[in-house]
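Counting with full-length UniProt numbering, you get residues 1 to 270 for the letters of the sequence shown.
The C-beta atom is built at its ideal place from N, Cα and C for all residues, glycine as well.
Owing to the predicted nature of the structure, the values given are computational and were not obtained by experimental measurement.
Take a look at the structure below.
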Amino acid sequence: MKMNKKDKVPNITNENEQEYWLEFKKTLSPHIREALIIKYSPLVKYVANKISFNMGSHKHIEFQDLVGFGSFGLMDAIDKYNPNRDIKFKTYAVTRIRGAIYDELRKLDYLPRSIRKDVKEIEKAREILEARLSRNIKPQEIADMLGIPISKYNETMKRYIEASPTSLSDVWYVGDDSNEISVIDTLKSNDKTNPEYLAEREDVKNKIIAALKKLPEKEQQVLILYYYDDLTLKEIGKVLDVSESRISQIHTKAIQQLKYSLSEIKKQLL
């Protein structure tokens with residue numbers, strides 16, 4: 001492949017993109033790198049826009065700041081992407097961009113160190129009980145193991161959730177027939193002007209997000225990629241460099257852990 005010397009930054013299209021990727025990995029051409037950044041910069045705004053709708057305690061962060069954070073993720077993705085792997089760059093880049101934004105948001109997190117310590121102890125207790133009992137663990141069981149009141153457990157998780165950036169607006173819910181359905185389907189309504197409806201919708205959404213936030217980071221990531229970005233388990237495995245069977249195990253475990261919390265939410269809706 002020959003580059004036009006007059007046009008130092010090439011015009012990368014869908015047709016010639018693979019050729020430029022191979023050339024970039026071979027030569028590390030700064031001109032090709034710049035062209036790739038230009039081509040995929042809209043992807044950064046796309047991810048930042050999704051995150052901006054669910055900012056939790058970080059609502060004061062400007063949209064352009066999110067774009068700036070995400071741009072570092074895009075550049076990292078370009079540098080580390082392997083064009084010989086059977087995965088589209090866009091799929092690979094979305095995870096890197098989102099991760100870069102969340103990394104910066106965590107740096108702005110003012111959650112006390114004591115709360116972080118308590119959260120780690122809670123997660124450790126959950127892992128021990130899961131290994132011992134081979135089932136979903138209830139909050140009261142974790143509190144009992146740690147020797148703390150359930151009120152402290154709830155307060156710790158509440159503060160952790162409030163201080164963390166919310167990453168999900170579309171998540172799943174267990175319906176009456178025990179099948180998994182999209183929560184967004186249960187929340188949509190034509191009556192957008194009813195204040196009571198809007199308040200109830202926001203309350204339900206917050207409860208579901210809170211349940212998701214209690215999951216370990218790896219399980220959250222798998223659910224985000226599967227339900228939010230519509231990737232297949234095979235594609236998620238390629239993004240995270242883990243086998244498809246392992247992703248399936250993580251996915252199943254995450255759903256099992258959520259069923260108890262979401263069933264409690266459903267009871268409140270009946």
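Using alpha carbons as the reference points, say which of Ile37, Ile247, Asn154 and Phe69 lies closest to Glu219. In the sequence shown, counting from the first residue as 1, residue 219 sits at position 219. If we check each option's Cα against that of Glu219, Ile247 comes out closest.
Arg52: buried (16+ other C-beta within 10 angstroms of its C-beta) or exposed? Counting from one through the sequence shown, the residue named residue 52 turns up at place 52. Inspection of the sequence shows that residue 52 is occupied by Ser rather than by Arg. When all chains shown are included, Ser52 counts as buried.
Are there 16 or more other CB atoms within 10 angstroms of the CB of residue 271, so buried, or fewer, so exposed? Missing from the structure shown is residue 271; the chain here goes from 1 to 270 and no further.
As assigned by DSSP and simplified to three states, the class of Lys8: Locating residue 8 in the sequence shown gives position 8, counting from the first residue. If DSSP states are grouped into helix, strand and coil, Lys8 belongs with coil.
Can you give the Cα-Cα distance for Phe24 and Ile38, rounded to whole angstroms? Here residue 24 is taken as the residue at index 24 of the sequence shown, counted from 1. Here residue 38 is taken as the residue at index 38 of the sequence shown, counted from 1. Distance between the alpha carbons of Phe24 and Ile38: 15 Å.
For the putative contact between Ile122 and Tyr153, defined by C-beta atoms under 8 Å, what is the C-beta separation to the nearest angstrom? For this step, residue 122 is matched to residue 122 along the sequence shown. For this step, residue 153 is matched to residue 153 along the sequence shown. That pair is a contact at about 7 Å.
Taking the beta carbon of Lys50 as the centre, do at least 16 other beta carbons fall within 10 Å, making it buried, or is it exposed? For the purposes of this step, residue 50 is identified with residue 50 of the sequence shown, where counting begins at 1. Label assigned to Lys50: buried.
Use the C-beta contact count for Lys88: other C-beta atoms within 10 angstroms, 16 or more gives buried, fewer gives exposed. One-based indexing of the sequence shown puts residue 88 at position 88. Exposed is the call here.
Which two residues bound the contiguous alpha helix (DSSP H) that contains Arg85? Position 85 of the sequence shown, counted from the first residue, corresponds to residue 85. Looking at the DSSP string, Arg85 is not in any alpha helix (DSSP H), and its letter there is neither H nor E.
Can you round the beta-carbon distance between Ala77 and Arg96 to whole angstroms, since I take them to be within the 8 Å contact cut? Position 77 of the sequence shown, counted from the first residue, corresponds to residue 77. Position 96 of the sequence shown, counted from the first residue, corresponds to residue 96. That belief holds up - the Cβ atoms of Ala77 and Arg96 are roughly 4 Å apart, short of 8 Å.
When DSSP labels each residue in this structure, what does Ser114 get in the three-state scheme? Position 114 of the sequence shown holds residue 114. If DSSP states are grouped into helix, strand and coil, Ser114 belongs with the helices.
For Lys45 and Asp65, the rounded distance between their alpha carbons: Along the sequence shown, read from residue 1 onward, the residue named residue 65 stands at position 65. Along the sequence shown, read from residue 1 onward, the residue named residue 45 stands at position 45. Rounded to whole angstroms, Asp65 to Lys45 spans 11 Å at the Cα level.
Give me the residue from Gln257, Asp241 and Gln249 with the minimum Cα distance to Arg85. Numbered from its first residue, the sequence shown carries residue 85 at position 85. Among Gln257, Asp241 and Gln249, the Cα nearest to that of Arg85 belongs to Asp241.
What separation, rounded to the nearest whole angstrom, lies between the Cα atoms of Lys253 and Lys8? Counted from its first residue, the sequence shown places residue 253 at position 253. Counted from its first residue, the sequence shown places residue 8 at position 8. Straight-line Cα distance between these residues: approximately 50 Å.
DSSP three-state call for Asn49: helix, strand or coil? In the sequence shown, counting from the first residue as 1, residue 49 sits at position 49. Looking at Asn49 - three-state DSSP - the assignment turns out to be helix.
Beta-carbon proximity of Ile150 to Gln140, cut-off 8 Å: Reading the sequence shown from its first residue, position 150 is the one you call residue 150. Reading the sequence shown from its first residue, position 140 is the one you call residue 140. Yes; because the gap between Cβ atoms is below 8 Å, this pair is in contact.
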